[in-house]
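Below is one structure, written out as structure tokens; comments come after it.
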Amino acid sequence: MGDRTRPDRWWTPVRVLLATALLVGVLGLVTKGPCAVDDGSRWFSEKPVAGGASYARLCASELPQEYAATGLAERVAPWSDDEGRWPVNAVALPVAALQYATAAVVHAVARPDVTARAGQDAAAVERDRSVRREAVAYTGLVSIGSLLLLLLALVALARAALGSEALRPWPSWSRPVVALMPLAASPLVALLVGVGWDLVGVALVAWGLAAWAAGRARVAGLVLGVAVLATWWPVAVLLPLAATALLRHSAAAGRLLVSAAVTVAVGGVAAYAATSGSAVTEPLRRWLEHEDGVGSVWAVLAELGVEASSTVIVPTVVGLWAFAVSVGFLYAARSGDVHQTARYAYVLLAALLLTGTTYAPGYALWLLPLAVLAHPVWRDLLWWQVAELFLVVATWWHLGDVTKPAGDTADVVYVVAIVVHVVATVWLAARMQLSAGRRGVPAPEQPYVLDQLGR
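FYI, in my numbering the residues of the sequence shown are 5 to 459.
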């Protein structure tokens with residue numbers, strides 16, 4: 005009887021966390037199933053507008069077109085236009101490497117005749133049903149890979165949460181592992197898995213924070229540096245982390261920044277050399293020209309008939325960003341409380357995104373881990389995610405002409421969704437501040453932390 009009455013210890017908190025994340029991720033993949041039928045016809049529809057049916061049916065994803073329309077189907081490497089045959093696939097170098105590696109796996113399984121494809125017209129290759137089947141497989145591989153990266157990141161965070169509290173870049177009052185459950189069970193992950201590469205950046209940031217919490221400042225800088233090379237937003241995590249550590253852990257903050265700077269410099273030089281500078285200049289050019297601006301306050305103004313040129317928007321945004329970064333860094337450095345890093349990072353990133361030229365649906369995933377780590381309160385996180393889900397759906401329907409009225413009338417659903425998103429994001433930041441002020445947990449003095457962070 006003794007063995008039978010013992011509780012089942014196999015289901016540890018970490019395993020429950022992973023099982024929940026896996027269930028949510030699989031649910032998200034299953035919901036993408038109807039989009040993949042008939043060789044992904046809903047992903048490639050061009051009626052009534054380009055990608056209209058995919059947006060209208062909530063099948064929006066950049067991955068199928070990424071494979072079929074950039075030369076990956078012919079083993080053309082990213083940043084190579086194959087002498088003008090394909091448009092340049094302008095992506096960050098780490099993402100480009102992942103794209104090419106994933107496409108290589110698809111080719112190894114499907115074994116397409118790349119030579120025969122190269123002899124066809126590029127438009128015909130893009131419409132070829134075999135190419136579209138491969139694009140569906142490519143999308144599935146990226147989706148599964150992104151989900152696995154998220155699971156590994158959750159393991160790293162959970163292990164860090166079970167360790168010493170002194171170095172955690174999130175509140176010391178949050179319960180280990182349990183506080184990560186809102187991230188594992190996030191409806192945003194279920195909706196946005198398979199839409200793009202955003203989960204890769206999320207996983208890298210989580211690994212970086214976990215490495216810092218484990219006392220490995222150099223490793224944290226390396227991982228966060230790679231994250232910055234993949235996408236710009238981890239800068240909003242790296243700066244508050246270094247700032248909060250300056251007072252009590254200045255040596256560790258230096259190691260963090262040096263490691264990150266060296267990683268970014270080496271990766272940036274490699275990207276510049278491999279792409280003749282395009283990997284550095286092209287994203288900046290597109291941002292300066294205000295291309296594809298959706299989901300932002302500037303999009304609201306455009307819907308209401310207030311057109312602002314790039315010569316007005318860009319200097320305004322640059323000024324606001326410089327102000328936000330300066331104030332955020334100084335405020336975080338003044339606090340000297342490493343436990344508040346996630347909160348400062350959320351506020352800084354939210355300020356950058358709310359004033360930026362665009363807020364694509366996948367951007368909600370950027371804020372998600374910071375929101376969960378800084379304020380693991382289910383009710384508040386769910387309300388905020390409802391607002392983000394509303395914006396994602398409204399943006400897709402707007403792009404698919406579902407809610408967009410005829411003529412020059414504003415899309416009311418789209419405008420309301422953006423306003424609700426802005427209010428919800430600011431409200432969550434306020435809730436974080438109120439919670440931190442109410443608990444008033446000071447950062448403990450830990451003289452031994454300097455040695456622990458020296459690795």
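Note that the Cβ used here is the ideal one computed from N, Cα and C, for glycine as well.
Residue i vs residue j beta-carbon contact at 9 Å
i      : j      : result
Val206 : Pro380 : no
Trp211 : Leu261 : no
Ala421 : Ala398 : yes
Tyr142 : Ala303 : no
Pro68  : Trp47  : yes
Ala349 : Leu432 : no
Trp388 : Ala375 : yes
Leu393 : Pro186 : no
Ala221 : Ala164 : no
Ser134 : Lys36  : no
Pro17  : Val182 : yes
Ala188 : Val28  : yes
Leu151 : Leu21  : no
Glu307 : Ala414 : yes
Ala23  : Ala275 : no
Val329 : Leu357 : no
Ala247 : Gly332 : yes
Val209 : Pro238 : yes
Ala217 : Leu161 : yes
Ala100 : Ala81  : yes
Pro38  : Arg13  : no
Of the listed residues the options, nearest to residue i (C-alpha basis)
i      : options                           : result
Leu385 : Leu184, Val298, Ala246 and Val232 : Leu184
Ala231 : Arg222, Leu242 and Val30          : Leu242
Pro91  : Ala64, Ala127 and Ala256          : Ala127
Ala122 : His425, Val266 and Arg79          : Arg79
Arg383 : Leu171, Ala428, Thr35 and Ala215  : Ala428
Leu171 : Ala346, Ala354 and Val416         : Ala346
Pro116 : Tyr104, Ala77 and Ala23           : Ala77
Gly44  : Ala100, Gly144 and Tyr335         : Gly144
Asp341 : Gly271, Ala257 and Ala434         : Ala257
Ala391 : Val430, Ser263, Tyr59 and Thr119  : Val430
Ala40  : Gln103, Ala107, Arg136 and Arg131 : Arg136
Thr272 : Ala114, Arg61 and Pro98           : The sequence given here has Gly at residue 272, not Thr. Checking every option, the nearest Cα to that of Gly272 belongs to Pro98.
Val30  : Leu305, Ala337 and Gly149         : Gly149
Tyr59  : Val140, Val396 and Leu438         : Val396
Val310 : Arg338, Ser263, Ala255 and Asp412 : Asp412
Whole-Å CB distance - residue i paired with residue j, under 8 Å assumed
i      : j      : result
Ala234 : Leu154 : 14 Å between Cβ atoms; not a contact.
Ala277 : Gly32  : Not confirmed; about 38 Å, so no contact.
His343 : Trp174 : 7 Å
Gly229 : Thr267 : 3 Å
Glu138 : Val110 : 5 Å
Ala354 : Leu371 : 6 Å
Ile317 : Thr361 : 6 Å
Contact test: residue i Cβ vs the ligand GTP heavy atom, cutoff 8 Å
i      : result
Ser147 : Looking for the ligand GTP in the displayed structure turns up nothing, as the structure carries no ligands at all.
Interface flag, residue i vs chain C, CB-CB below 9 Å
i     : result
Val30 : Looking at the structure shown, chain C is missing, and only one protein chain is on hand.
Subject >> Segment contact, 8 Å Cβ cut-off, at least three pairs: the region 73-80 with the region 245-252 >> reply: no
Original post:
Can we say the region 297-315 touches the region 389-404, given the rule of at least three CB pairs closer than 8 Å?
Top reply: yes
**OP:** Would you check if there are 3 or more beta carbon pairs closer than 8 Å linking the region 197-205 to the region 353-371?
**Re:** The region 197-205, when compared against the region 353-371, does touch it at the 8 Å Cβ threshold.
**OP:** Determine, using beta-carbon pairs with one atom in the region 315-325 and one in the region 209-225, whether at least three such pairs fall under 8 Å.
**Re:** no
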